[in-house]
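End of the sequence shown = 79 in numbering that gives the first Met the number 0, gap-free, step of one.
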Amino acid sequence: MNKNRYLLCLLVCGLLLYYAAPRLDVFSEGLAGVFAISWLAFALIVIAGNLTALLYSPKNPAANIKTRGKMKEKKRARSF
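Put into structure tokens, the structure is as follows:
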């Protein structure tokens, strides 16, 4: 379920970049240039965060819970 959300966020961010990038003037002076650079920087941070979450999420969280429970049982059985 979370992977769908990450993919949706990536697509929406790509759409926003597609719409806004031609309209942002990075080389303008003053507040407009600062706004354009900061907007693009935040968009890249959003893309990096969602892509990282999408790529490095655990494959099967149910299996991880089962192995954690087995490890706790083994640890309890061996401790004196």
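Beta carbons: idealized from backbone N, C-alpha and C, even for Gly.
Three-state secondary structure (DSSP) at residue i?
| i | result |
| --- | --- |
| S37 | helix |
| V25 | coil |
| N59 | coil |
| A47 | helix |
| A20 | coil |
Distance check for residue j and residue i, CA to CA, integer angstroms please.
| i | j | result |
| --- | --- | --- |
| L23 | A35 | 6 Å |
| L7 | P57 | 19 Å |
| L39 | Y18 | 12 Å |
| R21 | L14 | First, the residue type needs correcting, since residue 21 is Pro and not Arg in the sequence shown. So the alpha carbons of these two residues sit roughly 12 Å apart. |
Is any heavy atom of the ligand GDP found at a distance shorter than 7 Å from the C-beta of residue i?
| i | result |
| --- | --- |
| D24 | The model on display carries no ligand, and the ligand GDP is accordingly not part of it. |
Quick test of your reading: residue i and residue j, contact by CB under 8 Å. State the CB separation rounded to the nearest angstrom.
| i | j | result |
| --- | --- | --- |
| G32 | F26 | 7 Å |
| I46 | L9 | 7 Å |
Cutting at 7 Å between CB atoms, please list the residues of its own chain near residue i, excluding the five before and the five after it.
| i | result |
| --- | --- |
| Y5 | N49, A52, L53 |
Under 8 Å Cβ to Cβ from residue i, same chain only, skipping five residues before and after it: list those, please.
| i | result |
| --- | --- |
| N1 | A52, S56 |
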